[in-house]
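Keeping their order, the protein sequence lines are chains A and B. So the first sequence is numbered by the working numbering: it starts at 2 and just counts up by one. So the second sequence is numbered by the working numbering: it starts at 2 and just counts up by one.
There are 2 protein chains.
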Amino acid sequence: MNEKYERQMKKGVLDLLVLKLLEKEPKYGYQLITELRDKSGAVFLLKEGTLYPILYRLEEEGLVESRWSEPKDRQVPRKYYAMTEKGRQTLPEIADVWRQISRGIRQVMEEEEV
Amino acid sequence: MNEKYERQMKKGVLDLLVLKLLEKEPKYGYQLITELRDKSGAVFLLKEGTLYPILYRLEEEGLVESRWSEPKDRQVPRKYYAMTEKGRQTLPEIADVWRQISRGIRQVMEEEEV
DNA sequence: TCTATATACTTTGTATTACTAAGTATATTA
DNA sequence: TAATATACTTAGTAATACAAAGTATATAGA
Chain A
2 MNEKYERQMK KGVLDLLVLK LLEKEPKYGY QLITELRDKS GAVFLLKEGT LYPILYRLEE
62 EGLVESRWSE PKDRQVPRKY YAMTEKGRQT LPEIADVWRQ ISRGIRQVME EEEV
Chain B
2 MNEKYERQMK KGVLDLLVLK LLEKEPKYGY QLITELRDKS GAVFLLKEGT LYPILYRLEE
62 EGLVESRWSE PKDRQVPRKY YAMTEKGRQT LPEIADVWRQ ISRGIRQVME EEEV
């Protein structure tokens, strides 16, 4: 992909995708990176330096909350993130912003392409 | 719309939309603002301070070129922007970046929604 | 045993960009 | 005459994806 444009176009949607992945159940950071990679068909290959600050920001905004796992059987400790009530209210709003913008883009792009 | 997210999600796509609108014929800045507003269904309401710097950047990158209109019959002078050869090569590349990213987002969003 | 790799989280710094706000100037309309 | 629409410019700000480096543990291979 054209890296320059790729980077900019991804701005803003990561919050949406992370929230979406947390919708059903709590997950930890590294898990989110691999799920995002797999489900997006390797379009979203996040580095830790990208994802973790997003989680910190979402937590600061009150959309998610975290707790450390008590590490059983010699397991590396993990920080699980779960959606808050506010997060559940906000997710559909953000999803709607995405829908409107992508529709606007489609309309401009498909214009006169009949 | 949720302004905070709206702003970020629009990042990067404006170059694409502006190039798309210039594909068929040269246009001037103010014209691009109104066309973008109308064709997007008022999703993209650009201020001059948003559009013109985009055009300067695209020109600096060699994707478009500008010329001032010689103002006939007491008309305000206009700066027309036209696609360059390089611009015509780059447009499909950027459009493809958009397609891949939006497909990746759709896949994550639609996951388990059956 | 040693080493490399995968897992897992943190932090600092940088580049890019949409937007606000202000300014300049002309033409048209009320 | 004033207000509005047209048309372009510029300076400054905030937000964020990413690179890069660091810390630490578990596991697999040589």
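Idealized CB from N, CA, C, for every residue including glycine. Note that this is a predicted model, so its numbers are computed, not measured.
Does the beta-carbon distance from residue i to residue j come in below 9 angstroms?
i	j	result
valine 65 of chain B	leucine 37 of chain B	no
glutamine 108 of chain A	lysine 40 of chain B	yes
valine 98 of chain A	glutamate 111 of chain B	no
threonine 35 of chain B	glycine 63 of chain B	no
leucine 56 of chain B	glycine 88 of chain B	no
glycine 13 of chain A	glycine 42 of chain B	no
tryptophan 69 of chain B	arginine 58 of chain B	no
Take residue i and list the residues in its own chain whose beta-carbon comes closer than 6 angstroms to its own, dropping the five residues that flank it on each side.
i	result
valine 115 of chain B	Confidence at valine 115 of chain B is low in this model, with a pLDDT of 43, below 50, so its placement is unreliable and the value that follows should be read with caution. Same-chain partners within the cutoff: there are none.
Run through chain B and tell me which residues come within less than 8 angstroms of residue i, C-beta to C-beta.
i	result
tryptophan 96 of chain A	Tryptophan is not the amino acid found at residue 96 of chain A; the sequence shown has alanine there. Those are Met110, listed as they occur along chain B.
glycine 42 of chain A	Arg104, Gly105, Gln108
Please confirm whether residue i has its beta-carbon closer than 9 angstroms to some beta-carbon of chain B.
i	result
threonine 91 of chain A	yes
leucine 64 of chain A	no
leucine 37 of chain A	yes
Does chain A have any CB closer than 9 angstroms to the CB of residue i?
i	result
glutamate 7 of chain B	yes
glutamine 101 of chain B	yes
lysine 21 of chain B	yes
valine 115 of chain B	Here the model assigns valine 115 of chain B a pLDDT of 43, short of 50, so the residue's position is not dependable and the matter cannot be decided.
Determine the chain B residues that contact residue i at a beta-carbon separation under 7 angstroms, and present them in chain order.
i	result
valine 14 of chain A	Met10, Ile106
Looking only at its own chain, which residues have a Cβ that is under 8 angstroms from the Cβ of residue i, when we skip the five neighbours before and after it?
i	result
phenylalanine 45 of chain A	Lys11, Leu15, Leu18, Leu37, Arg38
isoleucine 60 of chain B	At residue 60 of chain B the sequence reads glutamate, which differs from the isoleucine that was named. Contacts found: Glu66, Ser67, Tyr82.
Check the Cβ of residue i against every Cβ in chain A and list those closer than 9 angstroms, keeping chain order.
i	result
leucine 18 of chain B	Gly105, Ile106, Val109, Met110
Quick one: residues in its chain with C-beta nearer than 7 angstroms to the C-beta of residue i, no 5 flanking neighbours on either side, listed in chain order?
i	result
leucine 33 of chain B	Val19, Leu22, Leu52
Go through the region 31–88 of chain A residue by residue and report every complete run of the beta strand (DSSP E) that reaches 3 residues or more, in order.
-> Complete beta strand (DSSP E) runs here, min 3: 65–69, 80–84.
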